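Going by the numbering used here, the first residue of the sequence shown is number 3, and it counts up by one from there. Backbone N, C-alpha and C fix where the C-beta goes; we use that ideal spot for every residue, glycine too. Keep in mind that this is a model prediction, so the values were computed, not measured. Shown next, in C-alpha cells, is the structure this report addresses.
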Amino acid sequence: MQLTSDVREKIGFETIRTETEQYLYTPTGRQWIRTLQPLSLDSALDERRRQMGELLWLSSTGQSLPFSRLEDVQEALQRASIQGAMLSAIQCYQIRDHVVVARKIRSKLLSNREQLATFMPILRGLHELKEVEASINGVINERAEVKNDASKELRVIRSDLQKTKQKIRSVVDRMLKRLRSKGMAPEEGATLREGRLVIPIYSEHKRQVDGLLQDISGSGKTSYVEPKEVVDLNNEIRLLEIQETREVERILKELTSKIGQYGHELETNEATLGFLDGLQAMLALSRRWDGVIPALSPDEILRLKKATNPTLLLAKESSQQELTVVPLHLELDPSERALVITGPNAGGKSVAMKTVGLLCVMHQSGYALPLDPDSTLPKLQQLYVDIGDEQSIENDLSTFSSRLKWMKETLESPMKGSLVLIDEAGTGTDPEEGGALFQAFIEACLERGARVITTTHHGSLKLFAHDTKGVVNGAMEFNQETLSPTYTFHKNTPGSSYAFEIASRMGVPPSVTKRARTLLGTQTSELSSLLQELEKKLHETQQLKKKLEKRQQALDEIEAKRAAKRGKGRASQDDDTVPIAPKKGTGKTPNGNKKSASTLQKEDLPPIGTEVRLVGSQTPGILVDVTDRYAIVEMNGLQIKSQFDRLRLPKNRKKGVTKKASKGSMKRMTLASSAKGTQSGSFEVKTELDIRGKRATTAEAEITQYIDKAIAKGLPRVDIIHGKGTGVLMGCVKDTLAKRTDIQSFRVAPYDEGGPGKTIVQLS
C-alpha cells in the first residue's frame, strides 16, 4: 500500500511518523521511518506483526535492543572503498561505534533466539566484524585520536617531540623570568605565533632581546619575539610535527584500506541497523499507550474495542489543559460494507472515521495499537480519503470540483479490499443533488469491492443506509440534557444534527430558532424529534447495561472466591484414593528386588468394571480393558489410555463390587482386543476453547472436561481463550490447570497469538 503525503497528513499518520523519529538512534533509521508505508503482502505483514510481538515480549522482560547514538558514516564508507583514500580519525571512530552496536545487538538477538525467532534470518545482514573493530581499537583511542603506539615510528616521533617541547619551554621560562625582573616583559606567559613558541616583550624593549619579531599586539604595546636561543629548537619541533603528520596519515590510510575491505558488510550492517532502529522506535512510541497487536481478520471483520486515536493521545500529553479521550467501540462484520455516521457538529464523527483509517494503517505498518486485545482489524489493500477543503486557487478548482476530481481518480484506481473514507458526504453543492451524487458514488465503490465509511448530515444518506443491505447507520451520542456531545459511537442508529439545540446553547435568539423550526416543516421536524427520542432511549439503555455489567462483575468475583475455596477442598481429594498394590506373589521383580508402583503388571490390576481414578483428576472412571502396556478407563463416556501406576482406587470402595460402564463401553469391552487404539479417533475435539462471558464455576467444569477430552484425543496442545476483562476467568484457568498433573505445562500466549487474553496448554 502506497499512501500519498496528502492521505498520510489527513488521517494523522504523518504525525505518528514524526513522533517516532524522536526515538531513533541512527540516520538510516530516520530514512527508514520517513519512507515507512503500510504492508499489504500477507507474508510481509505477518512477519512484521510477529517482529513487533517479539519486541513487545523483549520489552516486557525489561530488555531492549542495545542501541546508542550513531553518526552518519555512509559518505565515509563510500570514501573508504576508493584506493589510496584516507579517513579522519574521528570518521574511523564513528565506524567503530557502528561495528560495536551491531555486535551487541547481534549478541542480544542470539541470546534470545527462541523468543526472537523472526529476527534470526535478519542476522545474515548483521555481521560481527571483529577484525575491523580490533584494527580501529588498535589505532584510535576513546578521544577519537591516533594512539601514540599506533606504530613504532609514531611512538618515537611523539616522544622526541615531547622532549623538545619541554626543553624549549624550560629555556623560555628562564628568559621570561629574567626579563620580568627587569620590567621588560608583562606577566603574560609564552605563546605560539605561526606555530613557533615566542615570548611577550614591551615594544619599547624589543630591540634589547636578540631574536626574530613574529607578531605585535593590537594595541602595539606588546611585541612577540622568538629568541635566538630557541630558533633551532622551534625548527626541530616543526620538523618533528611534519614527521608526525606524515606518519599519522600513513597509519590512517592503512586503516582506511582495511575498513574498505569490509565495505559490503559495513553497508549491509548500516541497512540492517536502520531497519532494527526503526522497529525499536515504533515499539518505544507504542509503549506510550501500552499498545497491543490486534488479531488480523482473514474475512474483513472490523472490531474495535476500547480503541483510541493515537494522535489524540499525543495531543493530550502535550496539552496543558485536561483533555478527555473517549474510546471508540465499533464493529462491522464482513457483510456490512458501508457505514454512514451521523450526529451533531463537533460530536466526534470525523475523529471516529479517522481513527479507523489511522489504526488500520498503523497496524499494517507494524505499530502496536491503543485498543483492547480482543480487537480485530482487516487487511487493507489501499486507503482512499476525502477529508477537508481541497480547493485550489492555482488550478482554479472549487472545493466541490476538487471532490469530483477525487471521485473520478478513486473510481479509476484498484478498489477491491480497500477502505474509502469520506468526510461530510453531500456537501459543497445543492443538498438533494449532493446527497444523490454521493450515494451513487458509495454504491459504485461497493460494486468494486471496497468498504466505505462516511460522515454526513444528509437525511437521504441516512435513509439509504436504512434501506440498503450491507449499509448500516451509526451515530455519535449527544447528551440532550447538557446539550453537549459524549463522543460515544452507537451502531444501527441514525443521529440528529441538533442544529437548533446547539444554536440555542450558543446564544442564537429564540425567535430565530423558532422561525427555523417553522421553515423546516412539520414532517421533517417530527422526524428529527423522533431521532432525538431514539438517541435518548439508547443512552438510557446503555447506562442500564453498564450497571448490569458492574453487577455481573461483582457476582463473578464472588463466584471466583467460592471456586477458590472449593478448589482447596478438591486438592485434598487425592487423599480419598489409594494406590493399587501388587498382588501376593508378584511383589518382586525377576531379580528379586521389591516392586515399585511403576512396575505394576497386568495381573496386579483390579477386575474389569472396577471404579478407578486417574492421578490429578477428580472425575471417577471405570476400568474397561487392560493390555500388557496400559489400561483403558472410561470417563464421561470417553475412553482414555493410562499407565498402570496412574490408576488409583477409592478408599471407600467395597471389596469385590464393580460398576457398570455405559452401554457402548460394555460393547467395547468385548471388542477391545480387536479394536485397540481406535478410542482416540471416535470423537472430535477442537484445539481451542472459548470461555469468554461465562461464570467462573461454569468455566471450571468446562475446562476440566475439555482437557480430559483433549488428552483422550491425543492432542499435543490446546488453547483456552478467556480474555483479559477483570482477570477472574484468567485466574480460574490458572487455578484449574495448576491442579492437574497430567499436563506438561501452560503459559500466557505471546502477543502475536492473543497475548494475555489466551492461555496455551501443552499436553505432551
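If you follow the beta strand (DSSP E) that Phe466 is in, where does it begin and where does it stop?
Run containing Phe466: none in the beta strand (DSSP E); it sits in the alpha helix (DSSP H), Gly461 to Asp469.
Would you mind working out which of Leu257, Met54 and Leu214 sits nearest Lys149, comparing C-alpha positions?
Closest option to Lys149, Cα to Cα, is Leu257.
Taking C-alpha atoms, which residue in Asp212, Arg10 and Asp151 lies nearest to Lys356?
Of Asp212, Arg10 and Asp151, the smallest CA-CA separation from Lys356 is found for Arg10.
Contact defined as beta carbons within less than 8 angstroms: I believe Val614 pairs with Leu625. What is the distance between those atoms, to the nearest angstrom?
Contact between Val614 and Leu625 holds: their C-beta atoms lie close to 5 angstroms from each other, under 8 angstroms.
Out of Ser61, Cys94 and Gly86, which has the shortest C-alpha to C-alpha gap to Leu72?
Each of Ser61, Cys94 and Gly86 was checked against the Cα of Leu72, and the nearest Cα belongs to Cys94.
If Val134 sits next to Lys260, beta carbons under 8 angstroms apart, how far is it from one beta carbon to the other, in whole angstroms?
7 angstroms between Cβ atoms; contact.
For Phe69, three-class secondary structure by DSSP
Here Phe69 sits in coil by DSSP.
Where does the unbroken beta strand (DSSP E) through Ile424 begin, and where does it stop?
Its beta strand (DSSP E) spans residues Leu421 to Ile424.
Straight-line gap, Pro372 to Lys308 (C-alpha atoms, nearest Å)
Cα to Cα, Pro372 sits roughly 8 angstroms from Lys308.
Let me confirm a value: Asp469 is counted as buried when at least 16 other C-beta atoms fall within 10 Å, else exposed. Which label applies?
Asp469 comes out exposed.
Specify the secondary structure class of Leu89 as computed by DSSP and reduced to three states.
In this structure, Leu89 counts as coil in the three-state DSSP scheme.
Taking the continuous beta strand (DSSP E) assigned at His331, which residues delimit it?
Per DSSP, His331 belongs to the beta strand (DSSP E) from Leu330 to Leu334.
Return the chain-ordered ranges of every beta strand (DSSP E) run that is complete within the region 121–200 and spans a minimum of 3 residues.
Given a length threshold of 3 residues, each whole run of the beta strand (DSSP E) inside the region 121–200 is given here in chain order: 193–195.
Close beta carbons around Val1, own chain, < 8 angstroms, minus the five adjacent residues each side:
There is no way to answer for residue 1, as the model of the chain reaches only from 3 to 766.
Report the residue ranges of all alpha helix (DSSP H) runs contained in full by the region 476–507; include only those spanning at least 4 residues, in chain order.
Assignment of alpha helix (DSSP H) within the region 476–507, counting only whole runs of 4 or more residues, yields 501–507 in chain order.
Leaving out five residues before and five after Ile218 in sequence, what residues of the same chain have Cβ atoms less than 6 angstroms from its Cβ?
The residues are Ser225.
Can you tell which of Val101, Ala136 and Arg157 has the C-alpha that lies nearest to the C-alpha of Glu130?
In terms of Cα proximity to Glu130, the closest of Val101, Ala136 and Arg157 is Val101.
Local conformation of Ala701 per DSSP, three classes
Here DSSP, grouped into helix, strand and coil, assigns Ala701 to helix.
Should the region 423–439 be called in touch with the region 451–460, which here means at least 3 C-beta pairs below 8 angstroms?
Touching, yes, given that three or more Cβ pairs across the two stretches are closer than 8 angstroms.
Please report the straight-line C-alpha distance between Gly185 and Val211, rounded to a whole angstrom.
Roughly 13 angstroms between the two C-alpha positions.
Could you spell out where the alpha helix (DSSP H) holding Ala790 opens and where it closes?
Nothing about residue 790 can be read from this structure; the chain reaches only from 3 to 766.
Tell me, please, which residues DSSP counts as bridged to Leu306.
When DSSP reads this structure, Leu306 sits in a beta bridge with Leu332.
Within 10 angstroms of the Cβ of Lys12, are there 16 or more other Cβ atoms? Answer buried if so, exposed if not.
The residue in question, Lys12, is buried, as its Cβ has 16 or more Cβ neighbours within 10 Å.
Decide if the region 329–345 is in contact with the region 400–412; the criterion is three or more beta carbon pairs, one per stretch, under 8 angstroms apart.
Verdict: no, contact absent.
Between which residues of its own chain and Arg98 is the CB-CB distance below 8 angstroms, once the five residues before and five after are set aside?
Listed in chain order, the non-local C-beta contacts of Arg98 below 8 angstroms within the same chain comprise Val134, Glu135, Ile138, Asn139 and Ile142, local neighbours out to five positions each way being set aside.
Please say whether Leu361 and Leu58 have beta carbons closer to each other than 9 angstroms?
No, the Cβ-Cβ distance between Leu58 and Leu361 is not below 9 angstroms.
Where DSSP assigns a beta bridge to Gln764, which residues make up the other side?
In DSSP, Gln764 forms a bridge with Arg719 and Ser747.
Contact check, Gly265 vs Ala82, beta carbons under 9 angstroms
Closer than 9 angstroms, so yes.
Do you know how far the Cα of Ser61 is from the Cα of Phe121?
Each residue's alpha carbon lies about 15 angstroms from the other.
In terms of residues, what are the limits of the beta strand (DSSP E) holding Leu772?
Because the chain here runs from 3 to 766, residue 772 falls outside it and cannot be looked at.
Just grab the DSSP bridge partners of Arg650 for me.
DSSP lists Pro581 and Arg615 as the bridge partner or partners of Arg650.
What does the alpha-carbon distance come out to for the pair Glu189 and Arg182?
Answer to the nearest angstrom: the Cα atoms are 7 angstroms apart.
Exposed or buried, which one is Thr63 when buried takes at least 16 other CB atoms within 10 Å?
Per the 10 Å Cβ criterion, exposed.
For Leu215 versus Lys208, is the C-beta distance shorter than 9 angstroms?
In this structure, the beta-carbon distance from Leu215 to Lys208 falls below 9 angstroms.
Would you check if the region 339–349 and the region 368–385 touch, i.e. whether three or more CB-CB distances between them fall below 8 angstroms?
Pairwise C-beta distances place the region 368–385 out of contact with the region 339–349, as fewer than three of them are shorter than 8 angstroms.
Best match in Ile201, Glu144 and Leu241 for proximity to Arg160 [C-alpha to C-alpha]
Looking at the Cα atoms, Leu241 is the closest of the given residues.
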